[in-house]
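K.L.:
Each residue of the sequence shown is one higher than the one before, counting from 315 in the working numbering.
Glycine is no exception: its CB is placed at the ideal position from the N, C-alpha and C atoms.
Every value quoted in this text rests on a predicted model; they were computed, and no experiment measured them.
Mind having a look at this structure? Questions to follow.
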Amino acid sequence: MRSGRWALAAGSLLVLAGCVADAPFSQETAQTADPAEFEEVKPAPQQDASATAETWLAKFETSQGNFTVEVHPEWSPQGAARFRELVESGFFTDCRFFRVVEGFMVQFGINGDPEVAAKWRNANILDDPVKQSNTRGMMTFATSGPNSRTTQLFINFGNNKGLDSQGFSPFARVIEGMAVVDKLYSGYGEGAPGGNGPEQGRIQAEGNAYLIKEFPKLDYIKSVTIVTPEGAAEDSPASPPVSEAAATEEKPTPEASQPAAKTEDAPAAEAEAAKPAATPESAPAGEEAASSNAPETESE
């Protein structure tokens, strides 16, 4: 029974990608860019790992505060290249963290403007081998099947290594501000229909207008900027990178402390033997959980 519930949670993670807002946003503010700038994006070509191996930083400014991720193209070259493309286009501005499951993960990445979201929806990238584990602070693309990654991401709250065998390939990790990620509003829980959170199909169709009206407490992204080697974020105040040692000081969430999963929540890792890990599709699920619990994006 427990693994079945894990499976449901993992599947939901992929379906609920978005950003959260503690205070209502006007629909105008929620627009991320002129839709004319986003001609329909085509599936991405294969990326050469050797040509994109340089590590870089990205700073997230959110309604809860700031956090910084360290991107490793050598871990997941297709994923890292797509993330950079999205950051440089301003795609994440005003995105809501629409699926936040305590002890499991936080999912985001559906643009608040339905026109923009639609233009990216079929811009799939090829799968990457899994070279790193979905442990606390790792950032990974959600998926709905082979070679289906587009724009939805999730950050692991705990150790969700059960997602590794399902093809969820981390491409970055939070190195500063994990406490901010931990504070993202999680009161709505799992997404519909298994929980009381947002319905991914409606986010795609109605955008932030739907989220602001029915889920006003969701936290959201104000901006994501690439940080230069000198430590100053492009078009943002200085944000010095954090050292590897500092990153390891982030308190890891003990697997045993993860909350027990509900029908669509990620199960808590109570013991090594029964510890569930989210499955890939939009949210990590337990190691023995069905793929329906992993983070997924909603397939057409």
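Counting only runs that start and end within the segment 413-461, where is the alpha helix (DSSP H) found for 4 or more residues in a row?
P.N.:
You should have 428-434.
K.L.:
Could you tell me the alpha carbon to alpha carbon distance between Glu429 and Gly509, rounded to whole angstroms?
P.N.:
Taking the sequence shown and counting its residues from 1, one reaches residue 429 at position 115. Taking the sequence shown and counting its residues from 1, one reaches residue 509 at position 195. Looking at the two C-alpha atoms, the distance is approximately 27 Å.
K.L.:
Output the boundary residues of the alpha helix (DSSP H) element that contains Arg516.
P.N.:
On the sequence shown, position 202 is the one that residue 516 refers to. Looking at the DSSP string, the run of the alpha helix (DSSP H) that includes Arg516 is 514-520.
K.L.:
Identify the residues that DSSP records as bridge partners of Tyr534: which are they?
P.N.:
For this step, residue 534 is matched to residue 220 along the sequence shown. The partner list for Tyr534 (beta bridge, DSSP) reads Arg410.
K.L.:
Tell me, please, whether the segment 510-525 touches the segment 379-399 by the rule of three or more beta-carbon pairs shorter than 8 Å.
P.N.:
With a cut-off of 8 Å, the segment 379-399 and the segment 510-525 do not count as touching, because too few Cβ pairs lie within range.
K.L.:
Is it the case that the Cβ atoms of Gly393 and Arg463 are separated by a distance below 8 Å?
P.N.:
Within the sequence shown, numbered from 1, the residue matching residue 393 stands at position 79. Within the sequence shown, numbered from 1, the residue matching residue 463 stands at position 149. Their beta carbons are under 8 Å apart, which means Gly393 touches Arg463 by this criterion.
K.L.:
Under 8 Å by Cβ, that's how I've got Ile540 and Trp370 pegged, so tell me the actual separation to the nearest angstrom.
P.N.:
Here the question's residue 540 lines up with position 226 in the sequence shown. Here the question's residue 370 lines up with position 56 in the sequence shown. Between Trp370 and Ile540 the Cβ distance is about 6 Å, and since that is below 8 Å, they are a contact.
K.L.:
Can you give me the start and stop residues for the beta strand (DSSP E) that Glu384 sits inside?
P.N.:
Counting from one through the sequence shown, the residue named residue 384 turns up at place 70. Per DSSP, Glu384 belongs to the beta strand (DSSP E) from 379-385.
K.L.:
Leaving out five residues before and five after Ala367 in sequence, what residues of the same chain have Cβ atoms less than 6 Å from its Cβ?
P.N.:
If you number the sequence shown from 1, residue 367 lands on position 53. Cβ neighbours of Ala367 beyond the five flanking positions: Pro387, Glu388.
K.L.:
Just verifying my parser: in three-state terms, what is the DSSP assignment at Leu371?
P.N.:
Within the sequence shown, the letter at position 57 stands for residue 371. Correct three-state label for Leu371: strand.
K.L.:
Evaluate contact between the segment 495-508 and the segment 528-538, counting only Cβ atoms and requiring at least three cross-stretch pairs below 8 Å.
P.N.:
Yes, they touch.
K.L.:
Counting Cβ pairs closer than 8 Å, one from the segment 415-427 and one from the segment 377-386, do we hit at least three?
P.N.:
The segment 415-427 vs the segment 377-386: no contact.
K.L.:
I'd like to know whether the C-beta atoms of Asp442 and Ser483 end up nearer to each other than 8 Å.
P.N.:
Indexing the sequence shown from 1 puts residue 442 at position 128. Indexing the sequence shown from 1 puts residue 483 at position 169. It is a contact, given that the beta carbons lie within the stated cut-off.
K.L.:
What residue range is occupied by the uninterrupted beta strand (DSSP E) comprising Phe397?
P.N.:
For the purposes of this step, residue 397 is identified with residue 83 of the sequence shown, where counting begins at 1. Per DSSP, Phe397 belongs to no beta strand (DSSP E); it is in the alpha helix (DSSP H), 391-403.
K.L.:
Distance, Cα to Cα, Ala503 vs Asn474?
P.N.:
Translated into the one-based positions of the sequence shown, residue 503 becomes position 189. Translated into the one-based positions of the sequence shown, residue 474 becomes position 160. A small fix is needed here, since residue 503 is Gly in this sequence, not Ala. Distance between the alpha carbons of Gly503 and Asn474: 18 Å.
K.L.:
Measure the Cβ-Cβ separation of Leu440 and Phe455 and say whether it is below 8 Å.
P.N.:
Sequence index remark: in the sequence shown, residue 440 carries index 126 (1-based). Sequence index remark: in the sequence shown, residue 455 carries index 141 (1-based). No, Cβ-Cβ distance for Leu440 and Phe455 is not below 8 Å.
K.L.:
Can you name the start and end residues of the alpha helix (DSSP H) that Ala493 belongs to?
P.N.:
Position 179 of the sequence shown, counted from the start, is the residue given in the question as residue 493. Per DSSP, Ala493 belongs to the alpha helix (DSSP H) from 492-496.
K.L.:
Look at Pro507 and Phe412 and say whether their C-beta atoms are less than 8 Å apart.
P.N.:
Here residue 507 corresponds to residue number 193 of the sequence shown, with the count starting at 1. Here residue 412 corresponds to residue number 98 of the sequence shown, with the count starting at 1. Going by C-beta atoms, Pro507 is not nearer than 8 Å to Phe412.
K.L.:
Any idea if Ala493 is buried or exposed, counting beta-carbon neighbours within 10 angstroms, 16 or more meaning buried?
P.N.:
By one-based count along the sequence shown, residue 493 stands at place 179. The residue is exposed, with fewer than 16 neighbouring Cβ atoms inside 10 Å.
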